[in-house]
Structure formats: structure tokens, C-alpha cells
Amino acid sequence: MSDKRKRKLEKKIKNLKEKEQLELKKTIKHKCVFLFCGKKFKAMYYQTIKCKYCGKINRTKGLSSSSVGRKLIKNKKKLEKRLEKTRIKNHE
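Under my numbering, residues 219 to 310 are what the sequence shown spells out, in order.
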């Protein structure tokens, strides 16, 4: 495998790592957990926050964050595995 391709894969892995960090920091529209309110407001993932409409305390779950993170990690692992294979091939 050429050096160019190897560099490309390494760059992809680096980008995925950066993307992962961004995803975790990103704010989401979170729905108030209390049925009578149910309004949406912006909150960070995994943050305890008071709903500005009804004043109740919510804990944002950040489910989308974890699924996004999982997908990124999976892609990163795939890329790393491919890189490892190429290293072995080149070594022989």
C-alpha cells in the first residue's frame, strides 16, 4: 500500500477523533421530562438543568450523543484495523 493511502487513512482517523470531541461538546434541544410541560430547550449533554418554562429540574440524557459517539468509535476502529493490515502487508 502506498504512503499516500496510509497518510489518508491516518488523516481520516485524526478527523474522526476531532469530530468525536465536537459531538460531545455540542448542545441539543432537550425535551422537558415532565409531561405537563414537554417544552424543548437547549442544554448540554449530561447536564442537570432547570426547565425555563416550568422551573422543574431535568437531567439531559444525551442519548443521541452516545449513539453518535458509538458510531464514530466504530468507524475509527475499522480504519485502525485497515491500517494495521496494511502495515503487516508492507512489512512482508
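The beta carbon of each residue, even a glycine, is placed where N, CA and C say it ideally should be.
Local Cβ density within 10 Å of Cys-269, reported as buried at 16 or more and exposed below that: Translated into positions along the sequence shown, residue 269 becomes position 51. Buried is the call here.
In DSSP terms, what Lys-268 is bridged to: The residue you call residue 268 lines up with position 50 of the sequence shown. Within the DSSP secondary-structure output, Lys-268 pairs in a beta bridge with Ile-275.
Under 8 Å between C-beta atoms of Leu-297 and Lys-230: Against the sequence shown, residue 297 aligns to sequence position 79. Against the sequence shown, residue 230 aligns to sequence position 12. Yes, they are a contact pair.
Cβ-Cβ distance between Lys-224 and Leu-301 below 8 Å: On the sequence shown, residue 224 is found 6 positions in, with the first residue counted as 1. On the sequence shown, residue 301 is found 83 positions in, with the first residue counted as 1. For Lys-224 and Leu-301, yes; Cβs fall inside 8 Å.
Own chain, CB closer than 7 Å to Leu-227, minus 5 neighbours either side, in chain order: For the purposes of this step, residue 227 is taken as residue 9 along the sequence shown, with counting starting at 1. Result list for Leu-227: Leu-297, Arg-300 and Leu-301, in chain order.
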